[in-house]
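Asks: Have a look at the structure that comes next, please.
Protein chains: 2
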Amino acid sequence: MSLRHALLALLDAGAMTGYELAKQFDVSVAYLWHAPHSQIYPELRRMESGGLIEAESLPRGERGTKRAYSLTEAGARELARWVAELETAAPVRDPAYLKATYFEYGSFDEARRHFREHRNHHRAMMQHWQQHISRLQRRDTPLIQRRLAQAPPQTHETVVAYKVHAYEGLVERARAEVAWAERGLSLVDRLEHNSARPRDEPTTLPRKLADQETAST
Amino acid sequence: MSLRHALLALLDAGAMTGYELAKQFDVSVAYLWHAPHSQIYPELRRMESGGLIEAESLPRGERGTKRAYSLTEAGARELARWVAELETAAPVRDPAYLKATYFEYGSFDEARRHFREHRNHHRAMMQHWQQHISRLQRRDTPLIQRRLAQAPPQTHETVVAYKVHAYEGLVERARAEVAWAERGLSLVDRLEHNSARPRDEPTTLPRKLADQETAST
DNA sequence: TTACTCATGTAAGTAGTTACATGATTCC
DNA sequence: GGAATCATGTAACTACTTACATGAGTAA
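In order, the protein sequences belong to chains H and E. Heads up: the first sequence begins at 49 in this note's numbering, then just goes up one per residue. Heads up: the second sequence begins at 49 in this note's numbering, then just goes up one per residue.
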């Protein structure tokens with residue numbers, strides 16, 4: 049149930065509306081955890097009834113109101129509890145690698161398309177993360193500033209260091225993905241070179257279809 | 049909807065019961081995709097009504113029967129279609145990295161515990177995958193043998209190479225995770241050295257709790 | 001007045017988890 | 001006779017996705 053704890057952690061930096069929280073999931077927590085507003089609003093209500101957060105109704109303009117949430121003591125305790133607790137690692141379930149296991153059902157060109165897409169995606173992620181790292185190091189995101197403003201100065205190094213380390217891990221992971229995709233592209237070249245098949249024909253069809261082709265030939 | 053396609057791919061190697069399929073998710077597809085039997089049986093029924101697979105009822109012992117499923121032509125086409133299709137990458141959502149971002153709410157010792165756990169988990173995964181790679185290279189899993197028996201000999205190199213490449217990618221990724229956890233351990237040592245805090249006290253508490261502590265001191 | 005951002009929701013559906021449940025067969 | 005394995009389900013729940021829905025405030 050990490051959405052809940054991501055929200056608690058954000059709210060520890062200061063009171064926010066659901067809308068503002070949702071935006072943090074696009075920019076700052078950005079590319080570390082994702083959640084759409086349709087998931088956030090109900091979760092905030094649940095956390096409120098659970099006593100983890102409390103809302104203050106603020107006016108906006110003439111008629112409107114908005115609800116700014118902040119941590120309660122129970123919420124702060126729950127946040128600390130969660131950080132201490134070990135996660136039981138989630139079972140592997142990676143669609144890209146699963147599919148890569150069956151590329152023989154497609155052509156060499158299709159395999160290339162997949163690897164290129166994979167490489168491009170992870171390159172882009174890498175850049176986002178790297179950018180975020182330098183912003184953290186310069187301490188110039190609104191969130192890190194709010195957070196450091198509340199913590200004793202001698203803790204700032206540690207606060208920033210943990211965040212930088214996490215994002216660096218994501219960068220390294222992305223680098224591994226890019227390297228994997230590039231080795232994949234070389235592999236396809238090598239396999240193509242060793243085989244007589246045209247580059248746009250499947251290496252081998254699923255059995256039921258292969259039987260058919262044979263029958264019709 | 050990758051469970052469905054994992055099942056189709058397994059069934060292309062030959063007819064299997066739900067029970068046998070479930071076991072493949074523990075051994076061979078092992079550590080690449082996970083699914084419990086409670087998810088598999090209903091999915092098989094759905095695929096059957098969708099015409100992607102068909103069941104043959106086989107006797108077992110005196111009284112019992114079991115249902116062995118095999119691909120239909122539509123199922124084989126769906127498998128080929130899925131392999132050709134590009135996945136839209138899932139948004140990042142990693143509980144371990146999310147938590148690592150907030151280690152300052154815990155003690156140095158707690159951070160160490162998390163990094164050690166992370167390292168151990170990914171080391172273990174690495175070993176499983178490496179073992180599977182050598183089995184694939186020796187072509188000595190039941191599944192790869194069934195699969196190769198059905199494919200033309202000149203395609204065998206490609207079939208095995210794609211699978212090996214996928215598992216190698218997982219090994220490399222795990223290696224990156226282990227390295228990250230180890231750098232994390234060094235980081236904690238460094239931070240501890242630079243700080244006056246005892247190793248079993250949080251660096252900084254969530255604000256609501258910090259306020260309290262200050263008040264009571 | 002039009003478009004954009006702020007702001008908050010609901011509803012239907014999919015995927016996956018955890019627990020409960022049952023019964024046959026096989027091996028010791 | 002008991003334990004392990006084979007075999008197949010259901011039910012309740014949680015997390016997440018996608019689409020629908022509404023309205024206020026603000027700047028061109």
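Ideal placement from N, C-alpha and C gives every residue a C-beta, glycine not left out.
What does proline 90/E pair with, by DSSP beta-bridge criteria?
Replies: Per DSSP, none; premise fails for proline 90/E.
Asks: Are the C-beta atoms of histidine 241/E and some chain H residue less than 9 Å apart?
Replies: It does not: the Cβ of histidine 241/E has no partner Cβ on chain H nearer than 9 Å.
Asks: Between the Cα of lysine 114/E and the Cα atoms of Glu68/E, Ala197/E, Arg238/E, which residue gives the shortest distance?
Replies: That would be Glu68/E, whose Cα lies nearest to the Cα of lysine 114/E.
Asks: Quick one: give me the first and last residue of the beta strand (DSSP E) that glycine 112/H is part of.
Replies: Counting along the chain, the beta strand (DSSP E) containing glycine 112/H begins and ends at 112 to 119.
Asks: Verify whether the separation of the beta carbon atoms of valine 140/E and methionine 173/H is less than 9 Å.
Replies: Yes.
Asks: Is it the case that the Cβ atoms of methionine 95/E and leucine 146/E are separated by a distance below 9 Å?
Replies: No, they are not a contact pair.
Asks: In terms of residues, what are the limits of the alpha helix (DSSP H) holding serine 105/H?
Replies: Here serine 105/H belongs to no alpha helix (DSSP H); instead the beta strand (DSSP E) covers 101 to 108.
Asks: Decide if threonine 251/E is buried, meaning its Cβ has at least 16 other Cβ atoms within 10 Å, or exposed.
Replies: Result: buried.
Asks: Pick out whichever of Gly62/H, Ser76/H, His53/H, Pro107/H has its Cα sitting closest to the Cα of valine 212/H.
Replies: Taking only the C-alpha atoms, the option nearest valine 212/H is Ser76/H.
Asks: So, at 8 Å on beta carbons, what are the nonlocal neighbours of isoleucine 88/E in its own chain, with the 5 sequence-adjacent residues on each side left out?
Replies: Within the same chain, isoleucine 88/E has close Cβ partners Leu51, Leu55, Gly66, Leu69, Ala70, Phe73.
Asks: Kindly list, in the order they appear in chain H, the residues whose Cβ is closer than 7 Å to that of proline 254/E.
Replies: The contacting residues are Asp60, Leu119, Ala124, Leu127, Ala128.
Asks: Below 7 Å on C-beta distance, what does tyrosine 145/H contact in chain E?
Replies: Residues of chain E passing the Cβ test: Leu80, Ala214, Gly217, Leu218.
Asks: Would you report the Cα separation of serine 234/E and alanine 159/E, rounded to the nearest angstrom?
Replies: If I take the Cα positions, the gap works out to 11 Å.
Asks: Compare the Cα-Cα distances from leucine 196/E to each of Pro254/H, Thr120/H, Tyr215/H and report the closest residue.
Replies: Residue Pro254/H is the option with its Cα nearest to leucine 196/E.
Asks: Mind checking whether leucine 257/H and glutamate 121/E have CB atoms under 9 Å apart?
Replies: Yes, these two residues count as a Cβ contact at 9 Å.
Asks: Helix, strand or coil: which one does DSSP assign to arginine 141/E?
Replies: Strand.
Asks: According to DSSP, is serine 49/H helix, strand or coil?
Replies: Residue identity differs from the one stated: residue 49/H is methionine in this sequence, not serine. Coil at methionine 49/H, not helix or strand.
Asks: Do we get a CB-CB distance below 9 Å when we pair glutamate 50/E with the residues of chain H?
Replies: Residue identity differs from the one stated: residue 50/E is serine in this sequence, not glutamate. True, the Cβ-Cβ gap to chain H drops below 9 Å.
Asks: Rounded to whole angstroms, what's the CA-CA distance from glycine 217/H to leucine 127/E? Just pull it up for me.
Replies: For glycine 217/H and leucine 127/E, the distance between alpha carbons rounds to 35 Å.
Asks: Does any residue of chain E have a CB that is nearer than 9 Å to the CB of glutamine 198/H?
Replies: Closer than 9 Å: yes.
Asks: Taking a Cβ distance cut-off of 8 Å, strictly less, list which residues of the segment 148 to 164 of chain E are near chain H, in chain order.
Replies: Listed by position, the residues of the segment 148 to 164 of chain E near chain H (Cβ gap below 8 Å) are Ala148, Thr149, Tyr150, Phe151, Glu152, Tyr153, Gly154, Glu158, Ala159, Arg161, His162.
Asks: Select from His241/H, Asp142/H, Asp60/H, Ile181/H the residue whose C-alpha is nearest the C-alpha of glycine 123/H.
Replies: The option with the nearest alpha carbon to glycine 123/H is Asp60/H.
Asks: Determine the direct distance from the alpha carbon of arginine 93/H to that of tryptophan 130/E, and round the result to whole angstroms.
Replies: Taking the straight line joining both Cα atoms gives about 39 Å.
Asks: Using a Cβ-Cβ cutoff of less than 7 Å, which residues in the same chain neighbour aspartate 248/E once the five nearest sequence positions on both sides are dropped?
Replies: So the qualifying residues of the chain are Ser155, Asp157.
Asks: Indicate the three-state DSSP secondary structure (helix, strand or coil) for threonine 203/E in the structure shown.
Replies: Correct three-state label for threonine 203/E: helix.
Asks: Just the chain E side, please: which residues come within less than 7 Å of leucine 184/H by C-beta, in chain order?
Replies: Per Cβ cutoff of 7 Å: no residues; leucine 184/H is ~10 Å from chain E at best.
Asks: Taking only the alpha-carbon atoms, compute the straight-line gap between alanine 222/H and alanine 244/E and give it to the nearest angstrom.
Replies: Distance between the alpha carbons of alanine 222/H and alanine 244/E: 35 Å.
Asks: Can you tell which of Ala57/E, Arg187/E, Gln260/E has the C-alpha that lies nearest to the C-alpha of tyrosine 153/H?
Replies: Nearest C-alpha to tyrosine 153/H: Ala57/E.
Asks: Report back the beta-carbon spacing between tyrosine 210/H and threonine 149/E to the nearest angstrom; my notes put them in contact at under 8 Å.
Replies: With a Cβ gap of about 6 Å, tyrosine 210/H and threonine 149/E count as contacting.
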